[in-house]
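Undergrad:
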Amino acid sequence: MSGARAEPGRGVPGDAGRRPCPRTEAGEDEGDEAGEEQQAALTAIPAVVACHVVSGEADFLVEIAVPDLAAYEQVLLDEILAIGPVRDVRSTFAIRTVLSRGPLPVDHRRLGG
């Protein structure tokens, strides 16, 4: 383990519960440098709490913590769409959390059987 930090859990007081997940896509002509530029720019946005490289139609799946839709609009328009290689953004919003198990188990081998 490296370091420790306390952070509010999801769905507890202090967590607004609004976590839009935009998926970003670079243009088809963009190369590896565009992906690296997109990754660096996305992870530098203070509202971004997670950023994943994904397969499929999008290049990145981003989790954003914002207090309301107006704040998300500002992050989307002023920061995400300002990233040069980003050509498309599609956002997903969770309506309700059905399951959230908390931290991942330390010994992942127990899960696989």
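Each residue of the sequence shown is one higher than the one before, counting from 1 in full-length UniProt numbering. By construction, the Cβ of each residue, glycine as well, lies at the ideal position given by its N, Cα and C atoms. What you are looking at is a predicted structure, and each value in this text was computed from that prediction instead of being measured.
1) Could you check what DSSP says for Val75 in three-state terms: helix, strand or coil?
2) Does the beta-carbon distance from Ile64 to Thr24 come in below 9 Å?
3) What's the C-alpha gap between Pro20 and Asp107?
4) Among Ala47, Ala26 and Glu37, whose alpha-carbon lies nearest the alpha-carbon of Asp78?
5) May I have the straight-line CA-CA distance separating Ile95 from Pro103, to the nearest angstrom?
TA: Looking at the coordinates:
1) helix
2) no
3) 30 Å
4) Answer by Cα proximity: Ala47.
5) 22 Å
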